[in-house]
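Working notes, structure below.
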Amino acid sequence: MPQITANNLQIEYESFGAESAPVILLIMGLGAQLGRWNIELCEALVARAYRVIRFDNRDCGLSSKLDAAGVPDVGRALRTGTP
């Protein structure tokens, strides 16, 4: 699968449909891999003439891992807005 580099991170992604079609970017959320978006949904959107892109979030799947940063305190981030 292809990867793209953003802010020195490698992000794994898949793209379905014609490159010239309007794009739908599927964003699963915190800690999810691209496979959480089922292929049937992607194919149904392509059948409606969209280009679909799904990706592995950072620190999961085949995207870059930031092991040296440690495990974030998600609860604190949700309560205070800071990691």
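Positions 109 to 191 (the working numbering) are the ones given, in order, by the sequence shown.
C-beta atoms are modelled at their ideal positions from N, C-alpha and C, and glycine is treated no differently.
Tell me, which residues are paired with ARG162 by DSSP? GLU122, LEU134
Among LEU138, TYR158, ASN165, which one has its Cα closest to the Cα of GLY125? TYR158
Compare the C-alpha of ILE135 against each of GLY183, ARG187, ASP164 and name the closest. ASP164
How many whole angstroms separate the CB atoms of GLU122 and LEU142, which I take to be in contact at a CB cut-off of 8 Å? 6 Å
For VAL131 and ILE161, which I take to be in contact (beta-carbon distance under 8 Å), what is that distance rounded to the nearest angstrom? 6 Å
Report the three-state DSSP secondary structure of ALA129 (helix, strand or coil). coil
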